[in-house]
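J.: Dropping a structure here in C-alpha cells format, bear with me for questions.
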Amino acid sequence: MDGLGGEGRELHERRMAWWREAKFGMFIHWGLYAIPAGVWKDRCIPGIGEWIMHTARIPVKEYEQLAKRFNPVKFDAREWVGVAKEAGMRYIVITAKHHDGFCMFDTKYTDYNIVKATPFGRDPLKELAEACREEGIKLGFYYSQTLDWHHPDGLGNDWDYSPSKQNFTRYLREYVKPQLRELLTNYGQVAVLWFDIGTPTPELARELVEFVREISPDTIISGRIGGVFRWGPIKGLGDYIEMGDNQIPNQKLEEDWEVPATMNDTWGYKSYDHNWKSPGRIIQTLVDIVSKGGNYLLNVGPTAEGEIPEPCVRILREVGEWLRVNGESIYGAEASPIDMAPDSIYRCTVKPGKLYIHVFGWPWYGELRVSGVKSKVKFAYLLADHSELKFKQEGEKVVVRVPEKAPDPVDTVIVLEI
Ligand code: GLC
C-alpha cells in the first residue's frame with residue numbers, strides 16, 4: 018500500500034517474510050451454513066454452501082434460528098491444527114465473519130455470535146489461536162468487511178433491507194472497525210487479515226487498511242480490499258495479489274500472489290458435494306503454483322458437528338506425505354527461472370544453487386530433457402533418496418538419464434545442482 022516507499026516498503030518486506038517461505042496454507046470456511054449444508058426446506062440449493070442464505074433468499078429472522086442449533090461438540094482445535102500440520106500447511110485462515118454476518122468469535126458489538134447465541138458457547142478462534150501457537154502454525158482471519166446479509170447497514174441483503182436506506186459508512190466505522198480491533202487484539206498476533214469482495218469506495222478501503230496497520234503493523238492484508246471489485250486477480254490496497262477463486266496464472270508473476278482454492282466445489286460444507294480433487298492433483302497444483310511464485314490457500318469446510326470431513330483429512334494426509342519427502346523443493350523456493358509451456362511435462366522451482374525439476378509426466382524413453390538451463394550443472398540426483406543420476410549438458414540443454422519407471426508417479430523431483 019501507499020506506494021510502498023521508504024518505511025512502508027521495509028515493513029511490507031518484514032511482514033511478508035514468513036508468508037513467502039510458507040507457500041501452503043489452510044483456508045477454513047465454517048459457520049451456521051454448515052447446518053443446512055446445501056439443503057433448505059428439502060430443496061438442494063445450487064452454488065457454494067456459504068452463500069445459501071443469499072441464494073435461497075432466506076429472511077434474517079429464519080436464518081438466525083440456525084444459531085440455536087449450532088453445537089459443534091466434536092470441534093477440537095488441536096485436531097484441526099494437527100490436520101493442517103500433517104498436510105504440510107504452514108498457516109491457517111479461518112472465517113471470523115462471513116457474508117451471513119454470523120460472528121464465529123466473541124464480540125461485544127453483536128449478540129449474533131457463537132458464544133452468546135449458540136448452545137456451544139465457546140470461542141473457537143480462541144482455541145485455535147492457542148493450538149496454533151503451540152504448533153508453530155500462523156493464524157489469520159477472514160472477515161467479510163462489505164457483504165453482511167444480517168446487519169441492517171451491511172451490503173448484499175435486498176430481501177430484508179432496502180439498499181437505499183442503508184448507511185455503509187456507519188456500518189464500517191461503528192461495527193467493522195471495532196470488531197477488527199477485537200480480532201487484532203484478543204487473539205495474539207494475527208498473521209493475516211483476509212478481506213473479501215472489495216469495498217464500496219477507495220476512501221473507505223484506505224481508512225480500513227490504515228486502521229489495521231496502526232493496530233497491527235505485522236498483519237498481512239489480503240488483496241481483495243480496494244475501491245472496486247472485479248473477479249480475477251486483485252491487489253487493491255493489500256500486501257499481495259489475491260487471484261480469483263481457483264484461478265492460477267499461466268505464467269509466473271513478479272509480485273507475491275495467492276490463490277484461494279477449493280478441494281471440491283464449495284467453501285462452506287455441503288453434504289452432497291463429493292467432487293474431491295485427488296491428492297495427486299493437489300500436489301501438482303501446489304508445485305505449479307510455487308513454480309509461478311505463488312501461495313496455495315486450500316480450503317476445508319468443516320461440518321456442523323465440528324469435524325473436517327473425512328475425505329479431506331485423508332487427501333491432505335497424502336499431500337503431507339509427499340511434502341515430507343519433497344518439501345525442500347517447496348518451502349522457501351522461488352519461481353522457475355526457466356520459461357515453461359503450460360503443457361510441459363515438468364515444472365521447476367529454485368533455491369540458491371539448486372534447480373528442482375518436478376516431473377509430472379515420466380519420459381518413457383529413459384531421459385529427461387530440460388532446456389533453458391543457464392547455469393552449469395554440477396550434479397544431478399533424485400530428491401527422494403539422493404541417488405545420483407547421469408546427465409549431459411550442451412549449452413542450455415540438459416539431458417538426464419532416468420529410471421524406466423517414475424519413482425513417484427505424481428511428481429518425481431530431480432535436483433540439478435548448479
Ligand atoms: C468468494 C465467495 C466467498 C468465498 C471466497 C473465497 O469471494 O463469495 O464465499 O469466501 O470466494 O475466496
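Here my numbering is used: position 289 in the sequence shown is 306, and no number is missing along the way.
Beta carbons: idealized from backbone N, C-alpha and C, even for Gly.
(1) Would the beta-carbon of Glu-275 be found less than 6 Å away from any heavy atom of the ligand GLC?
(2) Taking the DSSP output, what are the residues bridged to Arg-32?
(3) Count the other CB atoms, across all protein chains shown, that sit within 10 Å of the CB of Cys-61; report buried if there are 16 or more and exposed otherwise.
(4) For Gly-105 versus Gly-337, is the C-beta spacing smaller than 7 Å?
(5) Taking 7 Å as the threshold (C-beta atoms), are Tyr-159 and Trp-211 in contact?
(6) Taking only runs that begin and end inside the segment 211-285, name each unbroken alpha helix (DSSP H) of 4 or more residues, in chain order.
(7) Can you give me the Cβ contacts of Gly-20 inside the same chain, cut-off strictly under 8 Å, excluding the 5 residues immediately before and after it?
(8) Is Tyr-289 buried or exposed, if buried means 16 or more other CB atoms sit within 10 Å of its CB?
(9) Count the other CB atoms within 10 Å of the CB of Arg-334; is the residue buried (16 or more) or exposed (fewer)?
(10) At a Cβ threshold of 7 Å, is Glu-152 touching chain B?
(11) When burial is assigned at 16 or more other CB atoms within 10 Å of the CB, is Trp-68 buried or exposed?
(12) So, are the CB atoms of Leu-399 and Val-417 less than 7 Å apart?
(13) Where Asp-175 and Gly-153 are concerned, what is the direct C-alpha to C-alpha distance, given to the nearest angstrom?
(14) Quick one: give me the first and last residue of the beta strand (DSSP E) that Gly-157 is part of.
(15) Take Pro-319 as the anchor and find which of Gly-311, Gly-344, Val-330 and Glu-191 has the nearest alpha-carbon.
(16) Any heavy atom of the ligand GLC closer than 6 Å to the beta-carbon of Glu-67?
(17) Using the beta-carbon count (16 or more within 10 Å), is Arg-241 buried or exposed?
(18) Taking the runs of the alpha helix (DSSP H) that are 4 residues or longer, which of them lie wholly in the segment 27-101?
(19) Roughly how many angstroms separate the alpha carbons of Val-207 and Thr-236, rounded to a whole number?
(20) Specify the secondary structure class of Asn-312 as computed by DSSP and reduced to three states.
(21) Exposed or buried, what is Lys-287 when buried is set at 16 or more other beta-carbons lying within 10 Å of its beta-carbon?
(22) Where does Asp-356 land, buried or exposed, given buried means 16+ other C-beta within 10 angstroms?
(23) Under 8 Å: do the segment 419-433 and the segment 380-400 share three or more Cβ pairs, one atom per stretch?
(24) Nearest CA to the CA of Ser-161: which residue from Trp-57, Leu-189 and Phe-137?
(25) Measure how close the beta-carbons of Arg-95 and Ala-148 come, nearest whole angstrom, since I'm counting them as under 8 Å.
(26) Here's the rule: buried if 16 or more other CB atoms are within 10 angstroms of the residue's CB, otherwise exposed. What is Asn-343?
(27) For the segment 345-355 and the segment 295-309, state whether three or more C-beta atom pairs, one from each stretch, are separated by less than 8 Å.
(28) Cα separation between Ala-39 and Leu-315?
(29) Could I get the ranges of all uninterrupted beta strand (DSSP E) runs contained in the segment 384-409, with 3 residues as the minimum, in chain order?
(30) Under the rule that 16 or more other beta-carbon atoms within 10 Å means buried, what is Glu-259, buried or exposed?
(31) For the segment 288-360, list the alpha helix (DSSP H) runs that are entirely contained and at least 4 residues long, ordered along the chain.
(32) For the ligand GLC, I want to know if Trp-339 counts as a neighbour, meaning its beta carbon is within less than 6 Å of at least one of the ligand's heavy atoms.
(33) Does the distance from the CB of Asn-312 to the CB of Glu-271 come in under 7 Å?
(34) Given a cut-off of 7 Å on the beta-carbon distance, is the pair Ala-113 and Leu-225 in contact?
(35) If you draw a straight line from the alpha carbon of Asp-282 to that of Glu-327, how long is it in whole angstroms?
(36) Check each candidate in Leu-145, Thr-127 and Asn-203 and name the one with the smallest Cα separation from Val-439.
T.: On the basis of the data shown:
(1) no
(2) According to DSSP, Arg-32 bridges with nothing at all.
(3) exposed
(4) yes
(5) yes
(6) 219-232
(7) For Gly-20, the predicted model reports a pLDDT of 49, less than 50, meaning its position is unreliable; a value from the coordinates is still stated below. Closer than 8 Å at the Cβ level, and outside the excluded window around Gly-20, lies no residue.
(8) exposed
(9) exposed
(10) Absent from the structure is chain B; it holds one protein chain and no more.
(11) buried
(12) no
(13) 43 Å
(14) 155-160
(15) Val-330
(16) yes
(17) buried
(18) 69-72 and 77-80
(19) 6 Å
(20) strand
(21) buried
(22) exposed
(23) yes
(24) Leu-189
(25) 5 Å
(26) buried
(27) yes
(28) 13 Å
(29) 384-387 and 396-399
(30) buried
(31) 296-308 and 327-343
(32) no
(33) no
(34) no
(35) 16 Å
(36) One cannot answer for residue 439 here, as it falls past the ends of the chain, which runs 18 to 435.
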